[in-house]
Amino acid sequence: MSKLEKFIVKFLQIGVVAVFFVPLIYSSATIFPFIFPKSLAFRLIIELLLAPYLYLVLTNPAYRPKRSNILMAILAFLGIEVLATVFGADPLRSFWGNHERMMGLYAYSHVVLFFLIATSVYRTKEEWRGLIFYALLAGAIVTGLGYVQYFSKSFLHEVKGGRIFS
6 MSKLEKFIVK FLQIGVVAVF FVPLIYSSAT IFPFIFPKSL AFRLIIELLL
56 APYLYLVLTN PAYRPKRSNI LMAILAFLGI EVLATVFGAD PLRSFWGNHE
106 RMMGLYAYSH VVLFFLIATS VYRTKEEWRG LIFYALLAGA IVTGLGYVQY
156 FSKSFLHEVK GGRIFS
């Protein structure tokens with residue numbers, strides 16, 4: 006493996022880990038402070054990873070996605086989403102989603118890209134264990150913030166109706 010290839014793989018692995026920490030993003034400057042910034046950050050990270058990933062899969066076939074039942078199911082789901090977007094009542098809204106949730110075809114395509122990148126650059130059991138560690142760490146931090154918010158009603162965002170936003 007060349008130095009450039011090692012660098013790209015490490016960059017992609019760090020990018021995948023960064024996605025797990027997206028739930029920590031909050032911005033009171035938006036109408037939906039717990040949704041919009043996270044959606045934007047997730048998409049931005051995936052788009053930053055796309056060019057290096059494409060270079061990697063085009064120059065080294067070993068990093069191309071392996072055919073599996075899970076991959077076929079995910080691609081079938083994306084294909085159905087494409088059909089639903091094209092033939093739906095409001096294709097524009099189906100593509101972009103609404104401002105609050107932002108879960109249209111554009112967002113789903115980013116989720117599929119995330120899956121492809123993660124399964125291409127995390128290959129060994131040890132690498133997957135490390136990835137799971139970071140996923141659990143991010144989840145623990147979010148959980149901790151939820152407990153702080155539950156007991157401090159004005160932390161991050163005023164709690165209404167007993168619902169925490171963490």
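When the letters of the sequence shown are read in order and numbered with our numbering, they come out as residues 6 to 171.
Note that beta-carbon positions come from the ideal geometry of N, C-alpha and C, so glycine has one too.
Option nearest residue i by Cα separation, candidates the options
| i | options | result |
| --- | --- | --- |
| Leu9 | Ile50, Ala89, Met107, Tyr58 | Tyr58 |
| Lys71 | Ser125, Leu150, Glu131 | Ser125 |
| Tyr155 | Ile169, Gly144, Phe25 | Ile169 |
| Ile75 | Phe120, Asn103, Lys15 | Phe120 |
| Tyr68 | Glu105, Leu142, Thr129, Val153 | Thr129 |
| Lys11 | Leu45, Ile40, Phe39, Thr64 | Thr64 |
| Leu83 | Pro42, Leu118, Ala140 | Leu118 |
| Glu52 | Ser33, Ala23, Leu150 | Ala23 |
Status (buried if at least 16 other CB within 10 Å, exposed otherwise) for residue i
| i | result |
| --- | --- |
| Leu110 | buried |
| Glu86 | buried |
| Arg134 | exposed |
| Arg48 | buried |
Secondary structure of residue i, DSSP reduced to three states
| i | result |
| --- | --- |
| Asn103 | coil |
| Ser7 | coil |
| Ala94 | coil |
| Lys71 | coil |
| Phe26 | coil |
| Ile169 | coil |
Integer-rounded CB distance, given that residue j should sit under 8 Å from residue i
| i | j | result |
| --- | --- | --- |
| Val21 | Tyr113 | Going by Cβ atoms, the distance from Val21 to Tyr113 rounds to 18 Å, so no, they are not a contact pair. |
| Leu61 | Val14 | 7 Å |
| Phe25 | Ala123 | Going by Cβ atoms, the distance from Phe25 to Ala123 rounds to 10 Å, so no, they are not a contact pair. |
| Arg106 | Ile40 | 7 Å |
| Leu17 | Leu54 | 6 Å |
Opening and closing residue of the alpha helix (DSSP H) in which residue i lies
| i | result |
| --- | --- |
| Arg48 | 41-64 |
| Arg134 | 130-156 |
| Ala34 | Taken as a continuous stretch (DSSP letters only), Ala34 belongs to no alpha helix (DSSP H), as it is neither H nor E. |
| Leu121 | 110-126 |
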